[in-house]
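Please read the structure below before turning to the comments.
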Amino acid sequence: MIFANVNGFITAINQDFNDALGAVVTRHQVPEIYLDAVNFPNGNPQADPTREAVSKYLIEQKQDSNSDFVTYVLALPSETDGALIPARVIQADICSWQYRSADCGYDGPPVADEKDQPTTDPLKDRCSKKPAGCIKRYPRPQPMPFGGFLGANKLG
1 MIFANVNGFI TAINQDFNDA LGAVVTRHQV PEIYLDAVNF PNGNPQADPT REAVSKYLIE
61 QKQDSNSDFV TYVLALPSET DGALIPARVI QADICSWQYR SADCGYDGPP VADEKDQPTT
121 DPLKDRCSKK PAGCIKRYPR PQPMPFGGFL GANKLG
């Protein structure tokens with residue numbers, strides 16, 4: 001990310017604070033259609049600055065510096081905090097656990113078949129491997145031990 005070095009302000013920060021390494025940079029993105037009315041000659045009736053996407057980054061390295069600009073390499077917090085992701089395929093809506101295994105934990109009566117259709121027949125009792133299958137076996141407010149990554153298909 002490139003910062004304007006107005007009056008050497010960023011250079012001073014770099015000198016006093018170890019090149020700003022580890023500092024948090026917060027980025028607010030508002031789609032043009034929602035910008036404040038002052039940004040348009042005739043105003044903007046759809047102005048809504050709360051329609052923003054906020055991203056946070058950490059300054060990882062100072063890349064370049066001169067009297068006009070300072071360039072930093074940014075990193076996501078998850079890239080610098082030692083967080084690890086599982087060493088398996090991350091699927092949002094598919095459970096990788098074997099039905100009725102220790103991971104699954106379900107040991108109740110037959111509930112549904114592989115298409116989530118209700119059944120009481122133990123021979124037809126299967127898991128759909130989808131969140132809906134878990135919900136049938138673990139109704140709220142019970143915690144649902146789903147073996148997929150429900151948040152993996154979310155944006156933002």
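UniProt numbering applies: residue 1 is where the sequence shown begins, and numbers increase by one. Backbone N, C-alpha and C define an ideal beta-carbon position, used for all residues, glycine too.
- Query: For the segment 65–84 against the segment 104–121, are there 3 or more C-beta pairs whose distance is under 8 Å?
  - Reply: The segment 65–84 and the segment 104–121 do not touch, with fewer than 3 CB-CB distances between them shorter than 8 Å.
- Query: Which value, in whole angstroms, describes the spacing of the CA atoms of asparagine 7 and cysteine 134?
  - Reply: Walking along the sequence shown from the start, residue 7 turns up at place 7. Walking along the sequence shown from the start, residue 134 turns up at place 134. Between the alpha carbons of asparagine 7 and cysteine 134 lies a gap of roughly 59 Å.
- Query: Terminal residues of the continuous alpha helix (DSSP H) containing serine 78?
  - Reply: Start at 1 with the first residue of the sequence shown, and residue 78 comes out as number 78. Segment 77–80, the alpha helix (DSSP H) holding serine 78.
- Message: On the CB-based measure, 16 or more other CB atoms within 10 Å of its CB, does aspartate 68 come out buried or exposed?
- Response: Along the sequence shown, read from residue 1 onward, the residue named residue 68 stands at position 68. A residue is called buried once 16 or more other Cβ atoms fall within 10 Å of its Cβ, and aspartate 68, having fewer, is exposed.
- Task: Whole angstroms is fine: what's the gap from leucine 21's alpha carbon to glutamine 29's?
- Result: Residue numbering aside, residue 21 sits at position 21 when the sequence shown is read from its first letter. Residue numbering aside, residue 29 sits at position 29 when the sequence shown is read from its first letter. Rounded to whole angstroms, the separation of the alpha carbons of glutamine 29 and leucine 21 is 23 Å.
- Going by other Cβ atoms of all chains shown within 10 Å of its Cβ, with 16 needed for buried, is arginine 137 buried or exposed? Sequence index remark: in the sequence shown, residue 137 carries index 137 (1-based). Buried: at least 16 other Cβ atoms inside 10 Å.
- Task: Could you name the residues of the same chain whose beta carbon sits closer than 6 Å to that of isoleucine 94, not counting the 5 residues immediately before and after it, in chain order?
- Result: The sequence position of residue 94 within the sequence shown is 94, counting from 1. Hits under 6 Å: Lys129 and Gly148.
- Message: Please report the distance separating the alpha-carbon of isoleucine 13 from that of aspartate 19.
- Response: In the sequence shown, the residue the question calls residue 13 occupies position 13. In the sequence shown, the residue the question calls residue 19 occupies position 19. Straight-line Cα distance between these residues: approximately 7 Å.
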